[in-house]
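Numbering (the numbering used here), first residue to last: 197 to 332.
Input: a single structure, listed below in structure tokens.
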Amino acid sequence: MHSVELAITTGAAEAVVDLTDHCARFLADADATDGLLHVWVPHATAGLAILETGAGSDEDLLTALKDLLPGDGRWRHRHGTPGHGRDHVLPALIPPYATIPVLNGTMALGTWQSVCLVDTNVDNPQRTVRLSYLPA
Numbered sequence: 197m198h199s200v201e202l203a204i205t206t207g208a209a210e211a212v213v214d215l216t217d218h219c220a221r222f223l224a225d226a227d228a229t230d231g232l233l234h235v236w237v238p239h240a241t242a243g244l245a246i247l248e249t250g251a252g253s254d255e256d257l258l259t260a261l262k263d264l265l266p267g268d269g270r271w272r273h274r275h276g277t278p279g280h281g282r283d284h285v286l287p288a289l290i291p292p293y294a295t296i297p298v299l300n301g302t303m304a305l306g307t308w309q310s311v312c313l314v315d316t317n318v319d320n321p322q323r324t325v326r327l328s329y330l331p332a
């Protein structure tokens, strides 16, 4: 197994960060052939999604999350920015992991699919992402 950690800055606003290029570079550096790419976010307030970016889907996801998980005072988990409890529920809906098949050294993603970090926690602008390649 080959594994690395990435430091990703998400900033002071909710964000969907495209990690696809990072993943592709990692696989090239690992001399990947066939196997699995496992992506892991060791945070209680962030997740990973496979979705289209650049055509508004990333913003649509953040809008949907605001509808599903409003940033108001209903949350029992209350430290941090008001409404921060919603960020701790996020990984139940957007899991902190993704596993992507790798064929001939390339992720077997669909035409418009990207690997994305989803972060609604404005209190933590620095995120760690672990990439692990498991050869077949």
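Ideal Cβ placement from N, Cα and C applies to all residues, glycine included.
Between 201, 198, 206, 197, which lies nearest to residue 319 when the distance is taken from Cα to Cα?
-> 206
When burial is assigned at 16 or more other CB atoms within 10 Å of the CB, is residue 300 buried or exposed?
-> exposed
Backbone secondary structure at residue 280 - three-state DSSP = coil
Count the other CB atoms within 10 Å of the CB of residue 255; is the residue buried (16 or more) or exposed (fewer)?
-> exposed
Does the stretch 286-294 come close enough to the stretch 270-277 that 3 or more CB-CB pairs lie under 8 angstroms?
-> No, because fewer than three Cβ pairs between the stretch 270-277 and the stretch 286-294 fall closer than 8 angstroms, the two stretches do not touch.
Since residue 210 and residue 258 are thought to touch, with beta carbons under 8 angstroms apart, how far apart are those beta carbons, to the nearest angstrom?
-> 5 angstroms
Pick from 249, 282, 203, 228: whose alpha carbon is nearest that of residue 214?
-> 249
Taking one C-beta from the stretch 303-312 and one from the stretch 229-248 each time, how about it: are there three or more such pairs within less than 8 angstroms?
-> Because the criterion of three Cβ pairs below 8 angstroms is met, the stretch 303-312 and the stretch 229-248 touch.
Taking residue 234 as part of the beta strand (DSSP E), name the residues at either end of that continuous run.
-> 231-236
At 3 residues or longer, and completely inside the stretch 199-277: list those beta strand (DSSP E) runs for me, N to C.
-> 211-214, 231-236, 242-247
Proximity below 8 angstroms, CB of residue 283 to CB of residue 316 | yes
Exposed or buried, residue 221, counting other C-beta atoms within 10 Å across all chains shown (16 or more means buried)?
-> Residue 221 counts as exposed, since fewer than 16 other C-beta atoms from the protein chains shown sit within 10 angstroms of its C-beta.
Hey, residue 212 and residue 327 are a contact pair by Cβ (cut 8 angstroms); roughly how many whole angstroms apart?
-> Contact doesn't hold; Cβ gap of about 18 angstroms is too wide.
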